[in-house]
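All residue numbers for the sequence shown refer to the working numbering, where the first residue is 5 and numbers rise by one. Built from N, CA and C at the ideal position, the CB exists for glycine as well. Computed from a prediction, not measured in an experiment: that's the story for all the values here. So the structure is just underneath, and the comments pick up after that.
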Amino acid sequence: MVSFAAAAPPVPRWAVEKYGRKWTEAEHIVSNSGFKLAEWVTTSHMTFVADPFYNGPHKPYLEKVIHPFRDPAAINILPYENDEVDIEGVDVTEIDRILSDPVLSLDLVRFPSQATWYFLFRTRQTPFNDIRVREAFARAIDREALCQTILRGAAVPAYGMLPPEFEAYNGKRHRIAQGFNPERAARLMREAGYPGGRAFPSQNLWLRSPSPTIRRLAVAMQGMLKEHLGIDVTLQSSADEASYMGKLYDWQINLGFIPWRADFQHPRNMLDTIWHSQPRGAQRQDWTNPAFDRLVEQVLGELDPARRLQLYQQAEEVLTTDYGGVFVFHQIGLALRKPWIKGYLRNPDGTVGLQLDFTKIYISRK
Numbered sequence: 005m006v007s008f009a010a011a012a013p014p015v016p017r018w019a020v021e022k023y024g025r026k027w028t029e030a031e032h033i034v035s036n037s038g039f040k041l042a043e044w045v046t047t048s049h050m051t052f053v054a055d056p057f058y059n060g061p062h063k064p065y066l067e068k069v070i071h072p073f074r075d076p077a078a079i080n081i082l083p084y085e086n087d088e089v090d091i092e093g094v095d096v097t098e099i100d101r102i103l104s105d106p107v108l109s110l111d112l113v114r115f116p117s118q119a120t121w122y123f124l125f126r127t128r129q130t131p132f133n134d135i136r137v138r139e140a141f142a143r144a145i146d147r148e149a150l151c152q153t154i155l156r157g158a159a160v161p162a163y164g165m166l167p168p169e170f171e172a173y174n175g176k177r178h179r180i181a182q183g184f185n186p187e188r189a190a191r192l193m194r195e196a197g198y199p200g201g202r203a204f205p206s207q208n209l210w211l212r213s214p215s216p217t218i219r220r221l222a223v224a225m226q227g228m229l230k231e232h233l234g235i236d237v238t239l240q241s242s243a244d245e246a247s248y249m250g251k252l253y254d255w256q257i258n259l260g261f262i263p264w265r266a267d268f269q270h271p272r273n274m275l276d277t278i279w280h281s282q283p284r285g286a287q288r289q290d291w292t293n294p295a296f297d298r299l300v301e302q303v304l305g306e307l308d309p310a311r312r313l314q315l316y317q318q319a320e321e322v323l324t325t326d327y328g329g330v331f332v333f334h335q336i337g338l339a340l341r342k343p344w345i346k347g348y349l350r351n352p353d354g355t356v357g358l359q360l361d362f363t364k365i366y367i368s369r370k
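This is the structure in structure tokens:
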């Protein structure tokens, strides 16, 4: 049993057209992997079983994989310790106990999550329609302190959208625009008409089902905004994901702190997928910039890989210097894996690949 899901394989068009919104249900879904969906109990779990009709080259060793759903705010490692699950995600709040345990410490693995956490703004309304205010927020956050003291090695500072694993990563350059600089932050607030935070409208910082670590991080950033900008921010969270996401995509959240995790390792998935102004309804935030749009559109017709890379880097620079978001950290995944889980490469330093290929996984207690 595992506590987090693998990516879904492609499906045929005819299945989606025939079953409509119900194409993902167990009795309708058609996939081309060695597993098929056997059961999907909403808010509880998904069960995958080996597909007896699969005749491809990647037949699985496992007969069944169960993926229980977890509320991030309630994740703990007790099910793992009780042998209820074989693979468990780890919140940083558990890291000291894990590292001090002679058994659990050997089961701990780290992997690149290809996720970026960032502040989003409602940029078409006061006060975030002022680029000076957006930059002030960027300059008020000490990312290195957050990564060292709260995230405890489970993240690296982010100054742009693309994580370090991406070929187009250009974090050092983006740090020029987004790096911690409290003196400049205070000056920008004065220039924007909010000296020491005076007259700044009250703000809620929205979080989605925050884990204990993300809540601690939000409290720390709340303190930084108070210390360096003089503003009070109230933390708000919602356990109702549908309601939260509805507000997000309707641009009803003035200030939010959220992650985006890449579906595949390509700049397009981290840049134009969520930051391009079109189509309306696909963006989490209302920020738009014609120069950004032109650059990511130009990539689509460019055949030279080096030029494509350059265009994506230019587009990301537009995003970071126009402060479409304030980028805080790139997450490093932590998980516990039972020693009898075999079939994946584990490096001497405890790092593993991003994805588990469950067609290669097997169990051996030898």
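My output table needs one value for Gln-317: the three-state DSSP class, helix, strand or coil. helix
For Ile-99, which of Leu-307, Val-113, His-62 has the nearest alpha-carbon? Val-113
Per the DSSP calculation, Ser-241 is bridged to which residue(s)? Leu-211
Starting from Ser-104 and walking both ways along the beta strand (DSSP E), at which residues does that stretch end? In the DSSP assignment, Ser-104 falls outside any beta strand (DSSP E) and carries neither an H nor an E.
Going straight from the alpha carbon of Lys-251 to that of Ile-257, what length do you get? 6 Å
Tell whether a beta-carbon distance below 8 Å holds between Tyr-58 and Phe-331. No, the Cβ-Cβ distance between Tyr-58 and Phe-331 is not below 8 Å.
Span separating the alpha-carbon of Val-34 from that of Arg-341: 29 Å
Under the DSSP definition of a beta bridge, which residues are partnered with Gln-335? Its beta-bridge partners are Ala-119, Ala-159.
At the level of alpha carbons, what is the spacing between Ile-143 and Gly-183? Note on identity: in this sequence residue 143 is Arg, with Ile being the wrong assignment. Whole-angstrom Cα-Cα distance: 6 Å.
For the alpha helix (DSSP H) holding Met-50, just list the boundary residues, first then last. Per DSSP, Met-50 belongs to no alpha helix (DSSP H); it is in the beta strand (DSSP E), 49-54.
Meets three-Cβ-pair contact criterion under 8 Å: the segment 209-219 and the segment 238-248: yes
For Pro-327, does the count of other Cβ atoms within 10 angstroms reach 16, so buried, or fall short, so exposed? The residue asked about is misnamed: residue 327 is Tyr in this sequence, not Pro. Buried, since its Cβ has 16 or more Cβ neighbours within 10 Å.
Got a sec, what are the start and stop residues for the alpha helix (DSSP H) Pro-263 sits in? Here Pro-263 belongs to no alpha helix (DSSP H); instead the beta strand (DSSP E) covers 259-265.
In whole angstroms, what separates the C-alpha of Pro-161 from that of Leu-275? 18 Å
Compare the C-alpha of Arg-265 against each of Glu-301, Arg-194, Val-356, Tyr-122 and name the closest. Tyr-122
For Thr-363, which option in Arg-17, His-178, Lys-370, Tyr-348 has the closest C-alpha, if you only look at C-alpha atoms? Among Arg-17, His-178, Lys-370, Tyr-348, the Cα nearest to that of Thr-363 belongs to Tyr-348.
Thinking just about the alpha-carbon of each residue, which of Gly-354, Tyr-65, Val-45 is nearest to the one in Tyr-366? Tyr-65
C-beta contact flag for Leu-209 and Val-237 at 8 Å: yes
Does the segment 150-161 come close enough to the segment 295-303 that 3 or more CB-CB pairs lie under 8 Å? no
Please name the residue, chosen from His-49, Lys-63, Ser-48, that lies closest to Asp-55 on a Cα-to-Cα basis. Lys-63
Between the alpha carbons of Pro-373 and Arg-220, how many angstroms are there, rounded? The first residue shown for the chain is 5 and the last is 370, placing residue 373 beyond what the model contains.
Checking the sheet assignment: what are the DSSP bridge partners for Thr-355? Beta bridge pairing from DSSP links Thr-355 with Arg-114.
Indicate the three-state DSSP secondary structure (helix, strand or coil) for Arg-74 in the structure shown. coil
What's the gap between the Cα of Arg-272 and the Cα of Ile-278? Whole-angstrom Cα-Cα distance: 9 Å.
Within a Cβ cutoff of 8 Å, which residues of the same chain sit near Ala-11, ignoring the five residues on either side of it in sequence? With a pLDDT of only 46 at Ala-11, under the threshold of 50, the placement of this residue in the model should not be trusted; the figure read from the coordinates follows. Counting only Cβ-Cβ distances below 8 Å, and skipping sequence neighbours, we find Asp-267, Gln-359.
Looking at the structure shown, is Lys-176 part of a helix, part of a strand, or coil, going by DSSP? helix
Contact belief for Pro-309 with Phe-204 at Cβ below 8 Å, rounded distance in angstroms: The pair is not a contact, with the Cβ atoms about 45 Å apart (cut-off 8 Å).
Any idea if Phe-73 is buried or exposed, counting beta-carbon neighbours within 10 angstroms, 16 or more meaning buried? exposed
Collapsed DSSP secondary structure at Phe-296 in the structure displayed: helix
Decide if Trp-18 is buried, meaning its Cβ has at least 16 other Cβ atoms within 10 Å, or exposed. Around the Cβ of Trp-18, a 10 Å sphere holds fewer than 16 other Cβ atoms; the residue is exposed.
State the DSSP-derived secondary structure class of Tyr-58, mapped to helix, strand or coil. coil
Beta-carbon within less than 6 Å of Tyr-23's beta-carbon, same chain only, minus the 5 sequence neighbours each way: which residues are those? His-32
Please state whether DSSP places Leu-229 in a helix, a strand or coil. helix
Take Gln-318 and list the residues in its own chain whose beta-carbon comes closer than 6 Å to its own, dropping the five residues that flank it on each side. These residues qualify, in order along the chain: Leu-299.
What are the start and end residues of the beta strand (DSSP E) that includes Glu-43? Run containing Glu-43: 39-45, per the beta strand (DSSP E) assignment.
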